[in-house]
Amino acid sequence: AQTVTQSQPEMSVQEAETVTLSCTYDTSESDYYLFWYKQPPSRQMILVIRQEAYKQQNATENRFSVNFQKAAKSFSLKISDSQLGDAAMYFCAYHNAGNMLTFGGGTRLMVKP
Amino acid sequence: EPEVTQTPSHQVTQMGQEVILRCVPISNHLYFYWYRQILGQKVEFLVSFYNNEISEKSEIFDDQFSVERPDGSNFTLKIRSTKLEDSAMYFCASSAGQGANFYGYTFGSGTRLTVV
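First to last, the protein sequences are chains W and H. Taken in order, the first sequence gives residues 1355 to 1467; the numbers are from this note's numbering. Taken in order, the second sequence gives residues 8 to 123; the numbers are from this note's numbering.
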């Protein structure tokens, strides 16, 4: 079974600074997808960024980018120019050929003004 | 932008009662899911549904749970006899495809179920 580990329960960043959230996963599959989801206080799950394992190029969405290291099974999220609205829980998630997402335990990001 | 809609947003029920959580997936999506998140814990997979049948389910999804797509738009999760430990946020999600066509899930805003 796949597992997803987020080793940082909480992180804080100063507004306008950059922060990196860590995620590692364990799988024997070669083809899969990785995601970062944001969960603000409203508790809705919002897709932040998506990475296909067969693509070597790191995904980027505006201020959000990932560092995908397939051999190391690492998938970190970098948030540049942090904004107050970025404060939320961030979940890393893994999806393979099956029909489910496996989530990590989450990292609570606080943004200081 | 298309949304997954869940109702109600909050449901309080007495232990032993039946509850039905409702979801309207995105109209051209074919795969539907329920996840739950107990307060302060991980988001956990419950069940996936495709072509009017369950395609996969977790250990959590026991005989107390059932899912149904009663018409062309709704997707429901029924808990027959609720327990205190069923208190959680329940998320519905849908996706357009799987495998090479998989882009990701769109989640609804959740139903907070409180069993008292």
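Using N, Cα and C, we set each Cβ at its ideal position, and we do this for glycine too.
The criterion of a C-beta distance shorter than 8 Å is satisfied by Tyr42 of chain H and Leu53 of chain H. Taking the C-beta atoms as reference points, Met22 of chain H is found no nearer than 8 Å to Leu84 of chain H. Interface with chain H (8 Å Cβ-Cβ cutoff): Met1399 of chain W is included. Contact between the region 1380-1392 of chain W and the region 1441-1458 of chain W is present: 3 or more CB-CB pairs across the two stretches fall below 8 Å. Of all residues in the region 79-104 of chain H, those with a C-beta nearer than 7 Å to a C-beta of chain W are Met96, Phe98, reading in chain order.
In this structure, the straight-line span from the alpha carbon of Thr14 of chain H to that of Gly117 of chain H is close to 8 Å. Within the region 1430-1459 of chain W, the residues whose Cβ lies closer than 9 Å to some Cβ of chain H are Phe1445, Ala1447, His1449, Ala1451, Gly1452, Asn1453, Met1454, Leu1455, Thr1456, Phe1457, Gly1458, Gly1459, listed in chain order. Identification of chain W residues near Val50 of chain H by a Cβ-Cβ cut-off of 7 Å yields Phe1445, Phe1457, ordered along the chain.
Within the DSSP bridge table, the entry for Ala95 of chain H names H:Leu120 as partners.
Listed along chain H, the residues sitting closer than 9 Å to Ser1396 of chain W by beta-carbon distance are Ser116, Gly117. Residue-level contact check: Phe1422 of chain W does not touch chain H, since none of the beta carbons of chain H fall below 8 Å from its beta carbon.
Taking all protein chains shown into account, Glu51 of chain H has 16 or more neighbouring C-beta atoms within 10 Å of its C-beta and is therefore buried. Rounded to the nearest whole angstrom, the CA to CA distance from Thr12 of chain H to Tyr97 of chain H is 12 Å. Asp69 of chain H sits in coil when the DSSP states are folded into three classes, being neither helix nor strand.
Within a 10 Å sphere around the beta-carbon of Asp1385 of chain W sit fewer than 16 other beta-carbons, which makes this residue exposed. For His36 of chain H, there is no enclosing beta strand (DSSP E), as DSSP gives it neither H nor E. When beta bridges are read from the DSSP output, Ile1403 of chain W appears opposite W:Trp1390. The criterion of a C-beta distance shorter than 8 Å is satisfied by Gly115 of chain H and Cys30 of chain H.
Bounds of the beta strand (DSSP E) holding Ala1442 of chain W are 1442-1449.
Contact annotation: Ser1430 of chain W and Thr1372 of chain W have beta-carbon atoms that are not nearer than 8 Å.
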